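J.:
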Amino acid sequence: MVLDWGSIKWFVSPDTVPGATSSFGEVVINPTQGHDRHEHPGADEVLYVIEGTGRQTVGDGPEFEIVAGDTIWVPRGTPHSTFNTGWKALRLIATYTPGGEEQALRGLPDFVELPAGDTPVWKPADSAR
1 MVLDWGSIKW FVSPDTVPGA TSSFGEVVIN PTQGHDRHEH PGADEVLYVI
51 EGTGRQTVGD GPEFEIVAGD TIWVPRGTPH STFNTGWKAL RLIATYTPGG
101 EEQALRGLPD FVELPAGDTP VWKPADSAR
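Counting from 1, one number per residue, gives the positions in the sequence shown under my numbering.
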């Protein structure tokens, strides 16, 4: 899955692994990018920061810094957002329980499905200069 702000590679989901009840994948948020506040009404989400730095919101709480090794719990139906504040990719592991919430991303206007084996190419917002 490729979006304007980065990409997501799902390793496990109910659609791809028979009997799976959760979805598990790697999220890559490009430098100076992030996604708008949104919620997952049907699933809890756990994020684990693999690499990079960013800012996170969860519910009505204050925005906070995230760094490698941090874990973020997002209860189902809770608005949240993530923004990369670093100069390199912000890499996270995302898990939805129950799985399947990732299907909602397919309806976003910036969604692109890459063929198997293709790698997303990041084009910085100011690359038109």
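Using N, Cα and C, we set each Cβ at its ideal position, and we do this for glycine too. Everything numeric in this text was worked out from a predicted model, so none of it was measured.
Quick one: any contact between the stretch 8-20 and the stretch 61-75, if contact means 3 or more CB pairs under 8 Å?
T.: In short, these stretches do not touch, since the Cβ pair count stays below three.
J.: Look up Thr71 in the DSSP assignment and give the residues it is bridged to.
T.: Numbered from 1 along the sequence shown, position 71 holds the residue referred to as residue 71. Tyr48, per the DSSP bridge assignment.
J.: Starting from the C-beta of Thr82, find all residues in its chain whose C-beta is less than 7 Å away, skip the five residues before and the five after it, and write them out in chain order.
T.: Numbered from its first residue, the sequence shown carries residue 82 at position 82. Ile29, Gly34, His35, Gly54, Gln56.
J.: Grouping DSSP H, G and I as helix and E and B as strand, with all else coil, what is Arg106?
T.: In the sequence shown, counting from the first residue as 1, residue 106 sits at position 106. Note: Arg106 maps to helix in three-state DSSP.
J.: May I ask which residues mark the beginning and end of the beta strand (DSSP E) holding Gly86?
T.: Position 86 of the sequence shown, counted from the first residue, corresponds to residue 86. It is not in any beta strand (DSSP E) - Gly86 carries neither H nor E in the DSSP assignment.
J.: Between Pro14 and Ala89, which are expected to be in contact by the criterion C-beta below 8 Å, what is the C-beta distance as a whole number of angstroms?
T.: Taking the first residue of the sequence shown as position 1, residue 14 is located at position 14. Taking the first residue of the sequence shown as position 1, residue 89 is located at position 89. No, Pro14 and Ala89 are not in contact; Cβ-Cβ is about 27 Å, not under 8 Å.
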